[in-house]
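Participant: Take this structure first; my questions come after.
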Ligand SMILES: [Mg+2]
Ligand SMILES: [Zn+2]
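In structure tokens:
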């Protein structure tokens, strides 16, 4: 078992997750990620040939709702919670 | 039981003394992130609620479940200061039945942890010993019930997050059948595994609350109507043939409890669960994968933490997430993003889902041999804050008894079985889907023989 | 010397009242952030709930494109961060979309069609909109959660021109099916293209994706530009880079987007919040009942059934509403070509003049049928018919009623016309004599006089016939 997985793999994963890490943090958290991933390898021992993956606990298929409009009474409440507004737009910076 | 609820119902008349009592405990245990006994909920139902078993009762709500006007922080800096614009279905049903939410309880950030020490917004102590943790992630909900601040509380159980703190705090903790309680309003951690659960002081109240909050919900298309089979008494209790790795105190209570159950007339049968040692792997693979997507919405744009300065949207998103999430959350997001990556997905995520199927088959077989399945809830009693004998990795491995029910969707109940060195030990009983009735039956009979101990210093007489 | 392979990814807004996973209004052009709720804003704790109309329309399109319909459609999460995507994953479909392996026959020229294969049809949610304003961006989430149907073709199109024709035809098709308004200006039909070129016979080359194509014309221009750019690279021996490029409509060029490759792992996995959709027999019957004759088939049938010319058939089959109107009118009057001519000519002219659409005008198909019948049976003649059409628009009455009220019925019997003829002869006896003396050129003058005396109502053939009889 590697002490820590390839740091490049961790960096790519962090990029996908949109979280920035200092090298020290990545080393520290990467250690536990590595430990867990290595532990997951144990699953190879289970014979799962012919087993379907369980993607949902158990659900009834075909759950739908009718195509009716409910006026959005919470639109203003939601906007009040936005960190920055310009009229009714939510503003984010985009420094050129 | 009736006495307990009645004394709680007087709460409204004696609110000043109740508040003093709850606040005194709060100073010791820090169960709540927000507490407002004056909160006046709005009912959506016009039906009188006077005859409901929860009418007039105050309750706590884990702070990852939405209650309008209350904060919804999930124990994270990311959402500090956010109040919910809406109310979860389960909470609304309790309000409609006449109960009153009085506060939001502490938790491990976004439900990720087994101690509540991973909360970024508060520290919760175990009422039995304040140097120890309350368990997690529904630690605040377990602690406030154990301390008598509320008669019951809602928690959420993704991998044991209701049952494990219930065990640590000496209360009942129900993880219902997946889908029987709407998840609408529960901040998602691992959607296919989790369910809103109940922590309460008695079996009767646990059952009463469950009966109120369950039901199919138009806002949650994975919710289901509970359809139990014909009622019949529990006779056979399945237990693991080779059970190792328990702390000595837990081991003792477990053995004594099996003897008690036999005395009560149950047949104890030994069963095998060969997939148990893979359950933690499958659980953490699926849970972190789902979490990596579920927690992607927290980006500082529409609500929540907004960094002081950002160059552009990507910079803003990254800064918000980097500053807003704690280490445990970041670790799990990294792990979950990794197991979903192309090139790794088949090996980890898809494999875990197949292992999940294998575990379900194991349990299907077990429930042909036994009516319920019994094990300790957790291998240890509550550990001390900052205890380093169990690393974060080892704590995860210790979830092995609880995670199976989340992988199978089956219901589980942790009930107080006794004290080891003055600390509560919980046992967990599992049943086939929709058969919560069997869990209540076993726990009820056990309580007749071994009544659950009250936490020292708790009282229901507010005039004291 | 080069083969070009073009595939399209088309997104259409489905015509539903509410969004696909919440009950907010799906409506274009409202004030920013008014049609939003905790669900479409991705608040903590909310869950998607599938709109039954959206999944129905998705199956309608998939069936019309001859796809294999999924017996168990699965929703999946497509993970990527973008400020207009509140949850930072899009609920979409990947491993088991609504439809797969379809095709569509597209008319390219008279008598020439091409079969374009459809890779898949999948249902997903739209993202919001961002307006870039100086050093900030403004987010509007009204569009977030519109039901979006993505149709992915195989790389069967040979270039910009075919792609443009395909897109125009596809637009007609979705309007025929009444599943989308197909409006590219409002973004209810959007298109990305991918193109690869290679030496003839060399198979697919390196794929380049082109985005920001807001009209079918831009699709053609962008693909033509790409062909030139890529073939020049071929000539120069430069490697073509697999990338995404944006069409710059101001400069008529495509420009590289330069995005980080690592952010393109979408990590699809099944959406745990939505159960799979398993269409029942009833549902499939309903979907089947919503199928319509597609534009190309309709055009061909109109030609054979009603004897329309290519031009007439093109015009009449442009929209389903017009084709339906035409066929109802043609059936009621028994006149195909005449109805088509009216629709293409005078009816268009009057609609323009009165600034009306056909549906909103007083000219119902029953009224047009009446008018055509009056004309073809000779009860009115062409000049009166044109007057009558205007009268229908002005007075909003049936042609039969107007003809009676105004006494416009043609004079078709000898007994009616004879006295008028005699009166004209008396008034113009000099002309009559000149004709009798052999000056046939003067005949036209007399016809004109008779027509004037009858207010244009005399049947010209009868007038000629009686004149010939009287004057030899
Ligand atoms: Mg798409
Ligand atoms: Zn909405």
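Residue numbers (the working numbering), protein chains in the order written: chain A, 1 to 96; chain B, 1001 to 1464; chain C, 2001 to 2472.
Don't be surprised by glycine CBs; every beta carbon is placed ideally from N, CA and C.
These figures come from a predicted structure and were not determined experimentally.
1. Taking only the alpha-carbon atoms, compute the straight-line gap between residue 94 of chain A and residue 1274 of chain B and give it to the nearest angstrom.
2. In whole angstroms, what separates the C-alpha of residue 107 of chain A from that of residue 1354 of chain B?
3. Could you tell me whether any Cβ in chain A is nearer than 9 Å to the Cβ of residue 1083 of chain B?
4. Does the beta-carbon distance from residue 1216 of chain B to residue 1191 of chain B come in below 9 Å?
5. Cβ of residue 2092 of chain C versus every heavy atom of ligand 1: is any distance shorter than 8 Å?
6. Over what stretch of residues does the alpha helix (DSSP H) that includes residue 1169 of chain B continue unbroken?
7. Considering only DSSP beta bridges, list what residue 2003 of chain C is partnered with.
8. Output, in sequence order along the chain, the residues in the segment 2036-2065 of chain C whose CB is closer than 8 Å to any CB in chain A.
9. Measure the alpha-carbon distance for residue 51 of chain A versus residue 2280 of chain C and round it to whole angstroms.
10. Determine which residues share a DSSP beta bridge with residue 2306 of chain C and list them.
11. Keeping to the same chain, check which residues put their C-beta closer than 6 Å to that of residue 2176 of chain C; ignore five residues upstream and five downstream.
12. If you draw a straight line from the C-alpha of residue 1193 of chain B to the C-alpha of residue 2267 of chain C, how long is it?
13. Determine the closest residue to residue 70 of chain A out of C:2120, C:2051 and C:2070, with distance taken between C-alpha atoms.
14. For the segment 1288-1301 of chain B, list every residue whose C-beta sits within 7 Å of some C-beta in chain C, in sequence order.
15. Is DSSP giving residue 2245 of chain C helix, strand or coil here?
16. At a CB distance below 8 Å, what residues from the segment 2393-2419 of chain C approach chain A? Give them in sequence order.
17. Compare the C-beta of residue 80 of chain A against all C-beta atoms of chain C and say whether one is closer than 9 Å.
18. The segment 1064-1075 of chain B: which residues have C-beta closer than 8 Å to a C-beta of chain C, in chain order?
19. Could you have a look at residue 976 of chain B and say whether DSSP puts it in helix, strand or coil?
20. Would residue 1277 of chain B count as contacting chain E if we go by Cβ distances under 9 Å?
21. Using the beta carbon as the reference atom, which residues fall closer than 5 Å to any heavy atom of ligand 2, ordered along the chain?
22. Rank B:1185, B:1043 and B:1230 by C-alpha distance to the C-alpha of residue 1218 of chain B and give the top, closest one.
23. Using C-beta distances below 6 Å, list every residue in its chain close to residue 2368 of chain C, excluding the 5 sequence neighbours before and after it, in chain order.
24. Could you check if residue 2440 of chain C is buried or exposed, using at least 16 other CB atoms within 10 Å of its CB as the buried criterion?
25. Enumerate in chain order the residues of its own chain whose CB-to-CB distance from residue 1035 of chain B is below 6 Å, with the five nearest sequence positions on each side excluded.
26. Judging by CA-CA distance, which residue of B:1312, B:1159, B:1333 and B:1315 is the nearest neighbour of residue 1291 of chain B?
27. Give the residues of chain B in contact with residue 2081 of chain C, contact being defined as C-beta atoms less than 8 Å apart.
28. Please indicate yes or no: does the CB of residue 2040 of chain C lie closer than 8 Å to some heavy atom of ligand 3?
29. With DSSP collapsed to three states, give me the class of residue 2113 of chain C.
30. Are residue 1179 of chain B and residue 1223 of chain B closer than 9 Å when you measure CB to CB?
31. Helix, strand or coil for residue 1427 of chain B per DSSP?
32. Run through the DSSP bridge pairs and tell me what residue 1189 of chain B is partnered with.
33. What is the DSSP secondary structure of residue 1205 of chain B, reduced to helix, strand or coil?
34. Quick check: what's the CA-CA separation for residue 2418 of chain C versus residue 2402 of chain C?
35. Taking C-alpha atoms, which residue in C:2013, C:2054 and C:2471 lies nearest to residue 2430 of chain C?
36. Please report how far the alpha carbon of residue 2119 of chain C lies from the alpha carbon of residue 1054 of chain B, in whole angstroms.
Facilitator: Result, derived from the coordinates:
1. If you draw a straight line from the Cα of residue 94 of chain A to the Cα of residue 1274 of chain B, it is about 55 Å long.
2. Residue 107 of chain A lies beyond the residue range present for chain A, which begins at 1 and ends at 96; the question has no answer from this structure.
3. yes
4. no
5. yes
6. Counting along the chain, the alpha helix (DSSP H) containing residue 1169 of chain B begins and ends at 1163-1169.
7. When DSSP reads this structure, residue 2003 of chain C sits in a beta bridge with C:2198.
8. 2036, 2037, 2038, 2041, 2043, 2049, 2050, 2051, 2052, 2053, 2054 and 2055
9. Roughly 26 Å separates the two Cα atoms.
10. Residue 2306 of chain C is not bridged to any residue.
11. For residue 2176 of chain C, where only same-chain residues beyond five positions count, the Cβ hits under 6 Å are 2292, 2295 and 2320.
12. Taking the straight line from one Cα to the other gives about 19 Å.
13. Comparing alpha carbon positions, the residue from C:2120, C:2051 and C:2070 closest to residue 70 of chain A is C:2051.
14. 1289, 1290, 1293, 1296, 1297, 1299 and 1301
15. strand
16. none
17. Under the 9 Å criterion on CB atoms, residue 80 of chain A is classed as non-interfacial with respect to chain C.
18. 1064, 1065, 1066, 1072 and 1074
19. In this structure chain B extends from 1001 to 1464, so residue 976 of chain B is not present and cannot be described.
20. Given the protein chain composition of this structure (A, B and C), no chain E is represented.
21. C:2022, C:2024, C:2037, C:2039 and C:2040
22. Of the listed residues, the one whose Cα sits closest to residue 1218 of chain B is B:1185.
23. 2329
24. exposed
25. 1103
26. B:1333
27. 1296, 1299, 1314 and 1317
28. Ligand 3 is not part of this structure, which contains only ligand 1 and ligand 2.
29. strand
30. yes
31. strand
32. Answer is none; residue 1189 of chain B lacks a bridge partner.
33. helix
34. 26 Å
35. C:2471
36. 56 Å
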